[in-house]
Amino acid sequence: MLPWELGIAGVCLRSVLVAAVGEYRVRRAVSTGAALVPWPGVLADPARVTEAVTVISAAWLAVGGGAVVGGASAAYLHGCTALPPSPVHLVVPYGTRRRTRPGLVVHNGPDLPGDHLVVQGLPTLRLERVVTDLLCTAAPRDALAVADEALALVPEADRAEFRAEVHARLRTRSDPRGTLIGSRLFELATGRAESPPESHLLWRVVDLGYPVPEVNRWVHDLHGVRLYRLDLSWPELRIALEYDGYEAHVDREVEDRVRVADLEARGWIVVRVRKADLVNSAALERALDAAFARRGVDLSGRIVNALRPRRHREARGARGA
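The sequence shown lines up with residues 496 to 816 when you count with the numbering used here.
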């Protein structure tokens with residue numbers, strides 16, 4: 496067995512292992528499958544080669560040259576898992592000659608020495624920087640999900656400071672593309688979403704032009720006792736959106752029906768949303784339009800696609816445009 500403890504997360508530079516145990520043992524380990532070669536010059540423990548941290552560590556060792564983990568890979572190391580950590584995203588200083596290849600995306604970025612810290616043994620961009628970058632570059636629904644996860648990781652007492660830091664970074668970002676949408680997305684983030692699909696649903700609803708709902712608001716009885724927590728809601732209108740994700744609701748159909756019936760008896764309109772509605776929103780729109788119409792709110796002129804990047808010279812459109 497090779498001394499994997501000389502490296503990080505079950506990966507090590509080949510040269511380090513050769514110096515420790517000799518060329519013969521290293522070649523023997525590779526030839527027998529006791530060591531894998533994920534990148535030239537890098538060896539990995541087969542027992543850990545599929546672990547996300549191991550994959551990221553192997554790519555970082557392969558690139559070297561002051562590389563720092565960034566993007567979705569950095570978000571994962573910080574504990575935000577809405578986006579997959581691979582392909583591995585690494586940021587290198589301007590002027591560094593490193594190239595993107597399958598499984599690895601190399602970015603050039605400024606001010607790396609003062610903008611990272613060590614996370615799980617790897618130099619990783621700070622969470623504020625990661626969130627700022629993803630708000631401007633990731634798909635809007637995924638960017639919102641990461642922002643929600645990041646806020647949930649920040650202690651309540653520190654969230655105002657964290658928000659101010661991200662907004663400041665958005666205002667001063669050297670590449671202004673995506674900063675306008677990124678700022679609006681970050682305003683939507685609350686840190687209260689219990690899963691990425693709930694963040695995706697919030698983005699979808701606002702992008703379709705509906706008023707911004709409250710996230711995970713409690714419904715109380717006449718005595719102030721908490722009864723139900725609603726995924727999304729407009730409390731003044733008593734309209735609720737409930738996301739029925741498979742994992743959270745499997746074997747709970749009866750319980751969910753009882754919950755909806757009780758909410759309706761208390762005067763709520765409940766719209767249940769399934770995963771397919773996040774892809775094709777036609778049924779969701781019909782149900783929400785009907786709910787708002789029942790409350791006397793006409794949203795026929797709502798502006799759709801308001802929270803996504805536009806193609807060059809593409810205008811925001813009213814519904815049906």
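All C-beta atoms in this analysis are idealised placements derived from N, C-alpha and C, irrespective of residue type, glycine included.
My understanding is that L453 touches L703, with C-beta atoms under 8 Å, so please give their C-beta distance in whole angstroms.
-> What is shown of the chain runs 496 to 816, which leaves residue 453 out entirely.
For H744, three-class secondary structure by DSSP | For the purposes of this step, residue 744 is taken as the residue at position 249 of the sequence shown. With a pLDDT of only 48 at H744, under 50, the local geometry of the prediction cannot be trusted, and no value is derived from it.
Scan the stretch 560-623 and note each continuous alpha helix (DSSP H) run of 4 residues or more that stays entirely inside, going in chain order.
-> 566-573
Alpha-carbon to alpha-carbon, L501 and A514 | The residue you call residue 514 lines up with position 19 of the sequence shown. The residue you call residue 501 lines up with position 6 of the sequence shown. Using only the alpha carbons, I get a separation of about 11 Å.
In this structure, what does DSSP give as the bridge partners for C507?
-> For the purposes of this step, residue 507 is taken as residue 12 along the sequence shown, with counting starting at 1. In DSSP, C507 forms a bridge with L538.
Taking the alpha-carbon positions, what's the D793 to V799 distance?
-> Working through the sequence shown from its first residue, we reach residue 793 at position 298. Working through the sequence shown from its first residue, we reach residue 799 at position 304. Approximately 15 Å, taken between the alpha carbons.
Which residues in the same chain as L802 place their Cβ atom closer than 7 Å to its Cβ, once the five residues preceding and following it in sequence are excluded?
-> Here residue 802 refers to the residue found at position 307 when the sequence shown is read from its first residue. The residues are P635, I676, R679, L680, W698, V701, D702.
Counting Cβ pairs, one atom from each stretch, are 3 or more of them under 8 Å apart for the stretch 580-592 and the stretch 636-656?
-> no
Quickly, what does DSSP pair Y723 with across the bridge? List them, please.
-> For this step, residue 723 is matched to residue 228 along the sequence shown. Looking at the DSSP assignment, Y723 forms a beta bridge with V714.
Going by other Cβ atoms of all chains shown within 10 Å of its Cβ, with 16 needed for buried, is P708 buried or exposed?
-> Mapped onto the sequence shown, residue 708 falls at position 213. Around the beta-carbon of P708, 16 or more other beta-carbon atoms lie within 10 Å, marking it buried.
Minimum C-alpha distance to E689 - residue among A547, D643, A569 = Residue mapping note: residue 689 aligns to position 194 of the sequence shown, counting from 1. Minimum Cα distance to E689 is reached at D643.
Same chain, Cβ closer than 6 Å to S764, neighbours up to 5 away in sequence not counted = Residue mapping note: residue 764 aligns to position 269 of the sequence shown, counting from 1. Per the sequence presented here, residue 764 reads as Ile, with Ser not at that position. Contacts found: I734, A786.
Go through its chain and collect everything with a Cβ distance to R624's Cβ below 6 Å, but skip five positions before and after it.
-> The sequence position of residue 624 within the sequence shown is 129, counting from 1. D610.
Outcome for T619 when other beta-carbon atoms lying within 10 angstroms are tallied against a minimum of 16 = Counting from 1 along the sequence shown, the entry for residue 619 is found at position 124. Buried, since its Cβ has 16 or more Cβ neighbours within 10 Å.
Run the CB neighbour count on T549, radius 10 Å, all protein chains shown included, and call it buried at 16 or more, exposed below.
-> Residue 549 sits at position 54 when you count from the first residue of the sequence shown. Result: buried.
Own chain partners of L572 with C-beta closer than 8 Å, once the 5 adjacent residues on each side are dropped | As a first step, residue 572 must be located in the sequence shown, where it is residue number 77. Contacts found: V548, I551, V564, P580, V614, Q615, L617, T619.
CB-CB under 8 Å to S510, same chain, minus the five flanking residues each way: which ones, in chain order?
-> Translated into positions along the sequence shown, residue 510 becomes position 15. The beta carbon of S510 is closer than 8 Å to those of G536 in its chain, skipping five residues each way along the sequence.
Chain-order list of residues whose beta-carbon lies under 8 Å from that of R712 (same chain, five-residue window excluded) | Numbered from 1 along the sequence shown, position 217 holds the residue referred to as residue 712. Excluding residues within five positions, the ones whose Cβ falls inside 8 Å are R724, L725, S728, P730.
Measure the alpha-carbon distance for V544 versus L556 and round it to whole angstroms.
-> Along the sequence shown, one-based indexing puts residue 544 at 49. Along the sequence shown, one-based indexing puts residue 556 at 61. Using only the alpha carbons, I get a separation of about 14 Å.
How is P533 classed by DSSP in three states: helix, strand or coil?
-> Start at 1 with the first residue of the sequence shown, and residue 533 comes out as number 38. Residue state, collapsed to three classes: strand.
Cross-strand partners of R767 (DSSP beta bridge) = Locating residue 767 in the sequence shown gives position 272, where the first residue counts as 1. Per DSSP, E737.
Cβ-based neighbour list, L504, same chain, cut-off 6 Å, excluding 5 preceding and 5 following | For the purposes of this step, residue 504 is identified with residue 9 of the sequence shown, where counting begins at 1. Just to set this straight, residue 504 is Ala in the shown sequence, not Leu. So the list reads V548, T549, S552, once near-sequence residues are dropped.
Contact check, V626 vs V586 under 8 Å by CB: the rounded distance?
-> Residue mapping note: residue 626 aligns to position 131 of the sequence shown, counting from 1. Residue mapping note: residue 586 aligns to position 91 of the sequence shown, counting from 1. No, V626 and V586 are not in contact; Cβ-Cβ is about 15 Å, not under 8 Å.
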